[in-house]
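Asks: Straight run, no breaks: the sequence shown in the working numbering ends on number 260.
Cβ atoms here follow ideal geometry from the backbone N, Cα and C, with glycine treated the same way.
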Amino acid sequence: MSDSVKIIFTGTGSGRSSLNRFHSSFLIRSDSYNLLVDAGDGISRALLRLGIDFNEIDGVFITHLHPDHYSGFPSLILQMKMSSRRMPLELYTSKGNGNFIKELLNRSYLLEKRLPFQLNFMKVEKGSRIDFRGKFSITPYENSHLEKYREYGVKSSELKSYSMIIATPRGEVFYSGDVGSVNDFSFYKFGENSILVTETTHVSIEAVIELIQQNDLKKVILTHIESDDPSPLISKISSVYPDGLNKITVAHDGLMLTL
Ligand SMILES: [Zn+2]
Ligand SMILES: [Zn+2]
């Protein structure tokens, strides 16, 4: 039995489809619960490529309903069905998102009654810690990523997008999720050993660097990356903040972070 928790980056791309990066997602792996965070287009192939068994996943957390974060979910359920999964699967997302996904599965003929396993829709509330068998926990926070749709009459309940704190006995990660602006980082109090995992599509690298300097962060992982080639991002970091490359890792699919 090991107490270590690993974060495996199953995808590090943005909303743009790429042959070298799957859409942004990661697996939090412990010896008694494995949680997949996000399941965009191609998630099943991303898992296959890394040799991650579909049935090793105990739960899926969907941060928000942009296609690069959820649209592979029905197909993942189909893979689980075809591999005769028996173990229940937990789905964590907002109530409104859960209802939409329920409808999506039904309309995709993945009828609950025909699945060989139970799919449990779990409650997610902002600021409310979710414990995963004492191995790690997640505390989701709502961010402003989807606020731009409000002016089109989209209801508040349909604008849920989450950042989260991932806590383990050995360390803590703040995961930005997709953000609206740099203000979405401000509620989190970075500790001395906090690790930051942040997207880099909706927030500039300059803003991330400022955050690193202000909070004296020692370890930062960049994901949700626009381009296949990490070198433009790396050269930008080294020109703005040469010391930054000792602290910042530009993630690639398959990268593993051990906590
Ligand atoms: Zn995204
Ligand atoms: Zn998004």
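Along the beta strand (DSSP E) that carries residue 35, what are the first and last residues, could you check?
Replies: If you number the sequence shown from 1, residue 35 lands on position 34. Run containing residue 35: 35 to 38, per the beta strand (DSSP E) assignment.
Asks: Which of the three DSSP states is assigned to residue 235 in this structure?
Replies: Reading the sequence shown from its first residue, position 234 is the one you call residue 235. The answer is helix: DSSP assigns residue 235 an H, G or I state.
Asks: Can you have a look at residue 60 and say buried or exposed, based on whether 16 or more other CB atoms are within 10 angstroms of its CB?
Replies: In the sequence shown, the residue the question calls residue 60 occupies position 59. Label assigned to residue 60: buried.
Asks: Residue 169 and residue 1 - do their beta-carbons sit closer together than 8 Å?
Replies: The structure shown has nothing for residue 1, since the chain only spans 2 to 260.
Asks: Residues around ligand 2, please: the condition is that the C-beta lies closer than 5 Å to some non-hydrogen atom of it.
Replies: My final list is 67 and 179.
Asks: Would you mind stating whether residue 79 and residue 111 have Cβ atoms separated by less than 8 Å?
Replies: Translated into positions along the sequence shown, residue 79 becomes position 78. Translated into positions along the sequence shown, residue 111 becomes position 110. Closer than 8 Å, so yes.
Asks: Say yes only if the C-beta of residue 59 is nearer than 7 Å to one or more non-hydrogen atoms of ligand 1, and no if none qualify.
Replies: On the sequence shown, residue 59 is found 58 positions in, with the first residue counted as 1. Because no heavy atom of ligand 1 lies under 7 Å away, the Cβ of residue 59 does not count as near it: no.
Asks: Is DSSP giving residue 45 helix, strand or coil here?
Replies: As a working mapping, residue 45 is identified with position 44 in the sequence shown. In this structure, residue 45 counts as helix in the three-state DSSP scheme.
Asks: Do residue 94 and residue 48 have their C-beta atoms closer together than 8 Å?
Replies: For the purposes of this step, residue 94 is identified with residue 93 of the sequence shown, where counting begins at 1. For the purposes of this step, residue 48 is identified with residue 47 of the sequence shown, where counting begins at 1. No; because the gap between Cβ atoms is not below 8 Å, this pair is not in contact.
Asks: Let me know if residue 73 comes out buried or exposed under the rule of 16 or more other beta-carbons within 10 Å of its beta-carbon.
Replies: Reading the sequence shown from its first residue, position 72 is the one you call residue 73. Buried, because 16 or more other Cβ atoms sit within 10 Å of the Cβ of residue 73.
Asks: With hydrogens ignored, establish whether the beta-carbon of residue 69 is closer than 7 Å to any heavy atom of ligand 1.
Replies: Here residue 69 refers to the residue found at position 68 when the sequence shown is read from its first residue. Under cutoff, so the answer is yes.
Asks: Which word fits residue 163, buried or exposed, when buried means at least 16 other C-beta atoms lie within 10 angstroms of its C-beta?
Replies: Here the question's residue 163 lines up with position 162 in the sequence shown. With 16 or more Cβ atoms within 10 Å of its Cβ, residue 163 is classed as buried.
Asks: Check whether the Cβ atoms of residue 1 and residue 66 sit closer than 8 Å, and answer yes or no.
Replies: One cannot answer for residue 1 here, as it falls past the ends of the chain, which runs 2 to 260.
Asks: If we ignore side chains and look at the alpha-carbon of each, how far apart do residue 21 and residue 152 end up?
Replies: Your numbering for residue 21 matches position 20 in the sequence shown. Your numbering for residue 152 matches position 151 in the sequence shown. So the alpha carbons of these two residues sit roughly 35 Å apart.
Asks: Buried or exposed for residue 32, please, with buried defined as at least 16 other CB atoms from any protein chain shown within 10 angstroms of its CB.
Replies: Here residue 32 refers to the residue found at position 31 when the sequence shown is read from its first residue. Exposed, since its Cβ has fewer than 16 Cβ neighbours within 10 Å.
Asks: Using the Cβ count rule (16 or more neighbours within 10 Å means buried), how would you classify residue 200?
Replies: One-based indexing of the sequence shown puts residue 200 at position 199. Label assigned to residue 200: buried.
Asks: Report the three-state DSSP secondary structure of residue 286 (helix, strand or coil).
Replies: A query on residue 286 cannot be resolved here, the shown segment of the chain reaching from 2 to 260 and no further.
Asks: For residue 136, count the other beta carbons within 10 Å of its own beta carbon; 16 or more makes it buried, fewer makes it exposed. Which is it?
Replies: Along the sequence shown, one-based indexing puts residue 136 at 135. So residue 136 counts as buried.
Asks: Could you check whether the segment 152 to 161 touches the segment 177 to 184, counting it as contact only if at least three pairs of C-beta atoms, one from each stretch, sit closer than 8 Å?
Replies: Counting Cβ pairs under 8 Å, fewer than three are found: no touch.
Asks: Is residue 247 buried or exposed, if buried means 16 or more other CB atoms sit within 10 Å of its CB?
Replies: In the sequence shown, residue 247 corresponds to position 246, counting from 1. Classification of residue 247: exposed, given that the 10 Å Cβ count is below 16.
Asks: Examine ligand 1 and report whether any of its heavy atoms sits within less than 7 Å of the Cβ of residue 18.
Replies: The residue you call residue 18 lines up with position 17 of the sequence shown. No - ligand 1 has no heavy atom lying nearer than 7 Å to the Cβ of residue 18.
Asks: Return the first residue and the last residue of the beta strand (DSSP E) that residue 124 is part of.
Replies: Residue mapping note: residue 124 aligns to position 123 of the sequence shown, counting from 1. Unbroken run through residue 124: none, as it is neither H nor E.
Asks: For ligand 1, is there a heavy atom less than 7 Å away from the beta-carbon of residue 177?
Replies: The residue you call residue 177 lines up with position 176 of the sequence shown. The answer is no for residue 177.
Asks: Output yes or no for whether 8 Å exceeds the beta carbon distance between residue 25 and residue 225.
Replies: Position 24 of the sequence shown, counted from the first residue, corresponds to residue 25. Position 224 of the sequence shown, counted from the first residue, corresponds to residue 225. Cβ distance < 8 Å, so residue 25 and residue 225 count as in contact.
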